[in-house]
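Peer 1: I am attaching a structure below and will ask some questions about it afterwards.
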Amino acid sequence: MTIGIHAPNLEKKKSRKNKTTIDVNAPLLPKTQESDVKFDEFNGASFSGAVFNLSTTIIGAGIMGLPACVKKLGMVPGLIVIVLTALLTEKSIDFIIRFSRAGKLSSYGNLMGDAYGKYGKASLEICVLTTIGSLIMYMIIIGDVISGTTSSGIHHAGVLEGWFGVHWWTGRTFVITFATFVVVAPLVSFKRIDSLRFTSALSIGLAVLFLIIAVGISIIKIISGGIGMPRLFPVITDAASVFDLFTVVPVLMTAYVCHYNVQSIENELEDSSRIRGVVRTSLTLCSSVYLLTSFFGFLLFGEGVLDDVLANFDTDLGIPFGSALNDAVRLSYAAHLVLVFPVIFYALRLNVDGLIFSSSRRPLVVDNLRFSSVTIALVLIIFLGANFIPNIWVIFQFTGATGAVCIAFIFPAAIALRDRYNIATKTDTILAILMIVLAVLSNAVAIYSDAYALINEKKA
122 MTIGIHAPNL EKKKSRKNKT TIDVNAPLLP KTQESDVKFD EFNGASFSGA
172 VFNLSTTIIG AGIMGLPACV KKLGMVPGLI VIVLTALLTE KSIDFIIRFS
222 RAGKLSSYGN LMGDAYGKYG KASLEICVLT TIGSLIMYMI IIGDVISGTT
272 SSGIHHAGVL EGWFGVHWWT GRTFVITFAT FVVVAPLVSF KRIDSLRFTS
322 ALSIGLAVLF LIIAVGISII KIISGGIGMP RLFPVITDAA SVFDLFTVVP
372 VLMTAYVCHY NVQSIENELE DSSRIRGVVR TSLTLCSSVY LLTSFFGFLL
422 FGEGVLDDVL ANFDTDLGIP FGSALNDAVR LSYAAHLVLV FPVIFYALRL
472 NVDGLIFSSS RRPLVVDNLR FSSVTIALVL IIFLGANFIP NIWVIFQFTG
522 ATGAVCIAFI FPAAIALRDR YNIATKTDTI LAILMIVLAV LSNAVAIYSD
572 AYALINEKKA
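Have a look at this one:
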């Protein structure tokens, strides 16, 4: 996949009625056929399909960490920060869309290359590579949920182990192997992101199912008097407690990062002018799920809510059919992650190809050998990582504070400040500066707090 560094005429974005051919250097699927390659007829992705794919990109593992964020910040500030992050995310995506259209550029990588040369493009691609850690973590969570895990000498039985006992086919290795090569591998073989629209719709449905169950459990416990008044504001006792509040930033960054797939989805849209509506609809949908999950997750478990709220559903809920509801929550979330996996993998594969095969003149989607090689190599790396890395929550915390914040805020703001096409308003400039300052300062404090806590934990 070759991405031009400065190519103002890479493509012309038009509606379905007047489409043009995308330059061969573009990393996304051409809408028209190349002379030497025959594609099946594709008339463009629907609005709803685009919304489902972008929403699935957004809602991943981050949703499970948001109730813990609300616990640290308190109910009121926690919910406000979730909304503010969504608003900033919409603005940063708007920067990418507007400046890409001004330069007629077909991808986020092209845009960074146009603004800051080959090193800018490479920086973005390297940051996207941090999603390997996220995908490994997805497989680890799937293994933990289905087969069980042992932490601090305590064994937490998985769903299959709880149902059928300990067998080789309920073990972690078999579960991860089956999930990777039987379920995930076929899904990551699609060359268009629009091909994942139905699995993405199912993924969003599973996230909503998890939310419905959590809300139902909370209502039952409220009626029975089993839930007290949640803490509304953070507990601040010293400087360390203030710094600790910033550890929520990486989780929030990870929860909303979706920028690397926006233009892939836009290029496949039936009418690319509707991408802003797709972004707003997706962010509204995901923010609503995030707010309700955070509110009811913290309401349900209070100060006992864990960094991964899914772990709280391994205990006795104190209500009828509690065990069945626990299993339903865990299974729905595991299935959700399986369906999120190929959407994130799509962007990862494009950027890995861009780093390794930057000199190639053929798009990845028309080079079957290259497409297969990159896909198989990444699947194997993720599979081995999921089997040999027992826990990567700490790594996930650090990648969220570095790669995710660069993709979501620093790079879009830097593009707006560069303003190669003189379209940035004064408001854009002020907001871009604010984004960079907030991102750098808050994540620097978050990294410091995480490192400090990790060092103290080892000393103890």
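With the numbering used here, the residue at position 86 of the sequence shown is 207, and numbering never jumps. The beta-carbon is built from N, C-alpha and C at its ideal position, and this holds for glycine as well. Being a predicted model, the structure only gives us computed values, none of them experimental.
1. Helix, strand or coil, according to DSSP, for residue 157 in the structure here?
2. Looking at residue 464: is its Cβ nearer than 9 angstroms to the Cβ of residue 382?
3. Please state whether DSSP places residue 235 in a helix, a strand or coil.
4. What are the boundary residues of the alpha helix (DSSP H) that includes residue 387?
5. State buried or exposed for residue 445, treating a residue as buried only when at least 16 other CB atoms are found within 10 Å of its CB.
6. Would you call the stretch 410-428 in contact with the stretch 321-339, where contact means no fewer than 3 C-beta pairs closer than 8 angstroms?
7. Indicate the three-state DSSP secondary structure (helix, strand or coil) for residue 546 in the structure shown.
8. Do residue 208 and residue 386 have their CB atoms nearer than 9 angstroms?
9. Quick check: the stretch 251-263 against the stretch 284-303, are there 3 or more CB pairs under 8 angstroms?
10. Rounded to whole angstroms, what's the CA-CA distance from residue 169 to residue 573? Just pull it up for me.
11. Under the assumption that residue 269 contacts residue 461 (Cβ atoms under 8 angstroms), give the Cβ distance between them as a whole number of angstroms.
12. For residue 433, count neighbouring C-beta atoms within 10 Å of its own C-beta (all shown protein chains included) and say buried if the count is 16 or more, exposed if not.
13. Quick test of your reading: residue 229 and residue 218, contact by CB under 8 angstroms. State the CB separation rounded to the nearest angstrom.
14. Residue 391 and residue 224 look like a contact to me (Cβ under 8 angstroms); what is the Cβ gap, rounded to whole Å?
15. Residues in its own chain within less than 7 angstroms of residue 214 by CB, not counting five upstream and five downstream?
16. Where DSSP assigns a beta bridge to residue 166, which residues make up the other side?
17. Can you tell me whether DSSP reads residue 364 as helix, strand or coil?
18. With residue 355 and residue 366 assumed to form a contact (beta carbons below 8 angstroms), what rounded beta-carbon distance in angstroms separates them?
19. Give the straight-line distance between the Cα atoms of residue 134 and residue 318, rounded to the nearest whole angstrom.
Peer 2: This is what the structure holds:
1. The count along the sequence shown starts at 1 and reaches residue 157 at position 36. At residue 157, the pLDDT of 41 sits below 50, so the modelled position is not reliable and the matter cannot be decided from this model.
2. Position 343 of the sequence shown, counting from 1, holds the residue named residue 464. Position 261 of the sequence shown, counting from 1, holds the residue named residue 382. Yes. Within cutoff.
3. Along the sequence shown, one-based indexing puts residue 235 at 114. Helix.
4. Here residue 387 refers to the residue found at position 266 of the sequence shown. Unbroken alpha helix (DSSP H) run through residue 387: 380-389.
5. As a working mapping, residue 445 is identified with position 324 in the sequence shown. Exposed, by the Cβ-count rule.
6. yes
7. As a first step, residue 546 is located in the sequence shown; it is residue number 425 there, counting from the start. Residue state, collapsed to three classes: coil.
8. Counting from 1 along the sequence shown, the entry for residue 208 is found at position 87. Counting from 1 along the sequence shown, the entry for residue 386 is found at position 265. Contact: no.
9. yes
10. By 1-based counting over the sequence shown, the position of residue 169 is 48. By 1-based counting over the sequence shown, the position of residue 573 is 452. In a straight line, the C-alpha of residue 169 is about 45 angstroms away from that of residue 573.
11. The count along the sequence shown starts at 1 and reaches residue 269 at position 148. The count along the sequence shown starts at 1 and reaches residue 461 at position 340. Contact flag wrong, Cβ pair sits at about 22 angstroms.
12. On the sequence shown, position 312 is the one that residue 433 refers to. Per the 10 Å Cβ criterion, buried.
13. Within the sequence shown, residue 229 is the residue found at index 108, counting from 1. Within the sequence shown, residue 218 is the residue found at index 97, counting from 1. About 10 angstroms separates the two Cβ atoms, so there is no contact after all.
14. The count along the sequence shown starts at 1 and reaches residue 391 at position 270. The count along the sequence shown starts at 1 and reaches residue 224 at position 103. 23 angstroms between Cβ atoms; not a contact.
15. The residue given as residue 214 occupies position 93 in the sequence shown. Within the same chain, residue 214 has close Cβ partners 380, 383, 400.
16. As a first step, residue 166 must be located in the sequence shown, where it is residue number 45. BP columns for residue 166 point to 390.
17. By one-based count along the sequence shown, residue 364 stands at place 243. DSSP places residue 364 in helix when its eight states are reduced to three.
18. Counting from one through the sequence shown, the residue named residue 355 turns up at place 234. Counting from one through the sequence shown, the residue named residue 366 turns up at place 245. 6 angstroms between Cβ atoms; contact.
19. Locating residue 134 in the sequence shown gives position 13, counting from the first residue. Locating residue 318 in the sequence shown gives position 197, counting from the first residue. Confidence is the limiting factor: at residue 134 the pLDDT is only 41, short of 50, which leaves the residue's position unreliable and the question unanswerable from this model.
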